[in-house]
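A.B. asks:
Protein chains: 2
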Amino acid sequence: MVRVPLTPEERQRGERFGVLLRQARGERSMVEVAAAAGLSAETLRKIETGRAPTPAFFTVAALAAALGLSLDELAAACAEGQFTQGRAAEFRQAG
Amino acid sequence: MVRVPLTPEERQRGERFGVLLRQARGERSMVEVAAAAGLSAETLRKIETGRAPTPAFFTVAALAAALGLSLDELAAACAEGQFTQGRAAEFRQAG
DNA sequence: CATGACCGTGATACTAATACCGGTATAGTT
DNA sequence: AACTATACCGGTATTAGTATCACGGTCATG
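The listed protein sequences derive, respectively, from chains U and W.
Take 110 as the starting number for the first sequence in the numbering used here and just add one per residue.
Take 110 as the starting number for the second sequence in the numbering used here and just add one per residue.
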């Protein structure tokens, strides 16, 4: 085995990650945010829906910049999201 | 065209990114840091040498946690690294 | 010199990320 | 009803990230 498939935990983390991004996007459209971040709308949709659970670092960085999010808080939120849903509310009002 | 190859700029950014990580690692060995971050030493080596210029977000997040780095500063440093080398010095003393 | 432990590296294998295309559904507008 | 805009979904193509294997270098010890 050379390239270990993603574990269910990683996929669940990707889903939480996508939910956070979608909440931060708010009322803005996918194409607008994707264009602002410099990636295709399909890629943004896959990330938000959890179908791309482990996106590239600079993809996330560009997305966070377009959404005005902190990478540190983003990583912490979806890493701890399995325990508390409280941080999601912070993102909703901050993003 | 389906999956656009990485541009030379992205590869250069990946090299700067790897240099920052290697500086932050300091005297610690690859295997130690890789184990602390939960990835293989070969993967860390590829990232540090720039042969994996766009690593996954959570890989970088785990690495930054193992090295005590801020994801925001890391992204900013290697994004602006093409202009100023000053931030590298900050990482050298901070990491 | 031989042996072993540790580190870094090159080659290979295989999965995942990204982009493009077509189709579908829903809601809003005229 | 027809048109538009948005989002979801499946499939396809191609590059890139990650892990395993095998090899060479280094340093300490015998």
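C-beta: ideal position from N, C-alpha, C; glycine also.
Nearest-angstrom Cα distance between Ala-150 (chain W) and Arg-131 (chain W)?
C.D. replies: Taking the straight line from one Cα to the other gives about 13 Å.
A.B. asks: Determine, using beta carbons only, whether Ser-138 (chain U) comes closer than 8 Å to chain W.
C.D. replies: Output row for Ser-138 (chain U): interface = no.
A.B. asks: CA-CA distance, Phe-145 (chain W) and Ala-171 (chain U)?
C.D. replies: The sequence shown places Ala at residue 145 (chain W), rather than the Phe named in the question. Looking at the two C-alpha atoms, the distance is approximately 27 Å.
A.B. asks: Using the beta-carbon count (16 or more within 10 Å), is Val-111 (chain U) buried or exposed?
C.D. replies: The residue in question, Val-111 (chain U), is exposed, as its Cβ has fewer than 16 Cβ neighbours within 10 Å.
A.B. asks: Anything in chain W within Cβ reach of Leu-206 (chain U), meaning under 9 Å, just list it in chain order.
C.D. replies: Residue 206 (chain U) is absent from the structure shown; chain U starts at 110 and stops at 204.
A.B. asks: Between Glu-124 (chain U) and chain W, is the shortest Cβ-Cβ distance under 8 Å, so that the two count as touching?
C.D. replies: False, the Cβ-Cβ gap to chain W never drops below 8 Å.
A.B. asks: Looking at the structure shown, is Ala-161 (chain W) part of a helix, part of a strand, or coil, going by DSSP?
C.D. replies: Three-state result, Ala-161 (chain W): coil.
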